[in-house]
Each structure stands twice: as C-alpha cells, then as structure tokens.
Amino acid sequence: MYENPKKWSKRFQLHVIKTMLENHNKITHSKFKIMERSLHSSEKIFSKNLLNCDIIQKEDYEEIVNKCQNLIQENNVKIDLIVYIRTSPEIAFSRVKSSNRFEEEEITLDYMNNIHELYEEYARKCELKLVTIDGNQDTSIKTSVMALRQSVGTILPEIDGLSFLAWNHCILKFKLPTQQCNISNEENILRLNKYLKGEAKSKVNL
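Just so we're aligned, residue 1 is where the sequence shown starts under full-length UniProt numbering, counting upward by one.
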C-alpha cells in the first residue's frame, strides 16, 4: 500500500474500518477488552492524513468519515478509555526500522511526523476519557525485566490456613521476586490478594 497509496489507501481504510468493527463487536469472556486501535483512529488520524497529503480526495475522506460514524451509531460502539502512548516521531521511526518489516519499508520520518501531529491534535480535543503514557522509554529494559520475572517466577503458592511450612514457603516466593524483579508495593498487594485465601487472608492487613 505504501508503494502506491493513491490506488489502495481508500480501500485499505474501508477494510480497516470493517476489521475494527468486528473487533469491537467480538464477544469476550473478560470484563475488559483492549484494542490497539479503534474506529476513531481511521477517521481522525490515518484517513485525515491521507487527505492532508492529497493522497485521497475530499469526497473519499467524507465517505470514510460517514462510514465510520454510521457504523459507530448503528452498532452502539462505546469506548470507556483511550490510552495514548505518546512517542516522539524520531523514536517511533527508529522502532519501525529496527522491526524490519517488509510491508513498512516505505514509511518515512515525514509520515511519522504527520501522524504524530494528528494524534496530538486528537488528544487535545478528545471528549472521551484519555490517559497519556510516555512511550519514549527504552522498551528493551522493560523486555529484560519481563524475561527476568518469567525466569524467577512471581506466582505465589495459594494459602488458606496457618501452616508454618506453607507460610515459610510463601514468604520465600514473595521476597525473592520482589528483590530481584523490582516488583512494586501495588503489584505485591495484587499478588497477595490473589493467592491468600480464607483464614490466611484474614490474618493479613491488605
């Protein structure tokens, strides 16, 4: 698509809208559904960028916008929270290049700058609940921490009584990952709430 955007961009955005709607409507067994993007991102960001760059015509953009808005209304699409991972265009571009995906070879820094500006504009004007996270942090550090946690193990043995041996084993499993994997107090409270049961949980002030 990046090689011949004028030919494929409108069709691609309409396909994206269809896919996003399917994801929105997909039934899950969880209370929460997290999506990488939503219907709004096509309308507010990517299609708007295509219009600004004269890749699609105004009537094409209006068709995409109308399609988005109609689908949102017809399917009663609701979003509880938007998480905006704010990342500088330069860092985002370097990550795209390091991922070395064939389909992203034609992406330029100018393109990343354009998309970034549109996301910033959307974040400023967004009427939905929005939380911003710093995306410029070194992801390799986070990856190594996650790998260490998987290696050490953060799962506690379930305890529902007051057995000395069970508690001693639990304390060892609690302390080691906390020290080695930099587990926060908030995370530890969640761990204890999950694995302490019955009488054992009643003896701990959480």
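C-beta: ideal position from N, C-alpha, C; glycine also. Please read these numbers as outputs of a predicted model, since none were measured by experiment.
Here's the rule I'm using: 16 or more other beta-carbon atoms within 10 Å means buried, otherwise exposed. How should M20 be labelled? For the purposes of this step, residue 20 is identified with residue 20 of the sequence shown, where counting begins at 1. By the neighbour-count rule (16 or more Cβ atoms within 10 Å), M20 is buried.
For the beta strand (DSSP E) containing R11, name the first residue and the last one. Your numbering for residue 11 matches position 11 in the sequence shown. Segment P5 to N25 is the alpha helix (DSSP H) holding R11; no beta strand (DSSP E) there.
Does DSSP put V131 in a helix, a strand or coil? For this step, residue 131 is matched to residue 131 along the sequence shown. If DSSP states are grouped into helix, strand and coil, V131 belongs with the strands.
In the DSSP output, which residue or residues are listed as bridge partners for R86? Reading the sequence shown from its first residue, position 86 is the one you call residue 86. R86 pairs with D134.
For P157, count neighbouring C-beta atoms within 10 Å of its own C-beta (all shown protein chains included) and say buried if the count is 16 or more, exposed if not. Your numbering for residue 157 matches position 157 in the sequence shown. Classification for P157: exposed.
If the criterion is Cβ atoms closer than 9 Å, does the pair N136 and T87 meet it? The sequence position of residue 136 within the sequence shown is 136, counting from 1. The sequence position of residue 87 within the sequence shown is 87, counting from 1. Yes, the pair counts as a contact, with Cβ atoms nearer than the cut-off.
With distances taken between CB atoms, is the gap from I85 to C126 smaller than 9 Å? Position 85 of the sequence shown, counted from the first residue, corresponds to residue 85. Position 126 of the sequence shown, counted from the first residue, corresponds to residue 126. No, these two residues do not count as a Cβ contact at 9 Å.
Pull up the DSSP beta-bridge partners for I91, would you. Here residue 91 is taken as the residue at index 91 of the sequence shown, counted from 1. None, per the DSSP bridge assignment.
Output the distance between the C-alpha atoms of I55 and L192, rounded to the nearest integer angstrom. Position 55 of the sequence shown holds residue 55. Position 192 of the sequence shown holds residue 192. Rounded to whole angstroms, I55 to L192 spans 54 Å at the Cα level.
Ordered along the chain, which non-local residues of its own chain (more than five positions away) have a Cβ less than 8 Å from that of S42? Here residue 42 corresponds to residue number 42 of the sequence shown, with the count starting at 1. These residues qualify, in order along the chain: Q13, V16, I17, M20, I64 and C68.
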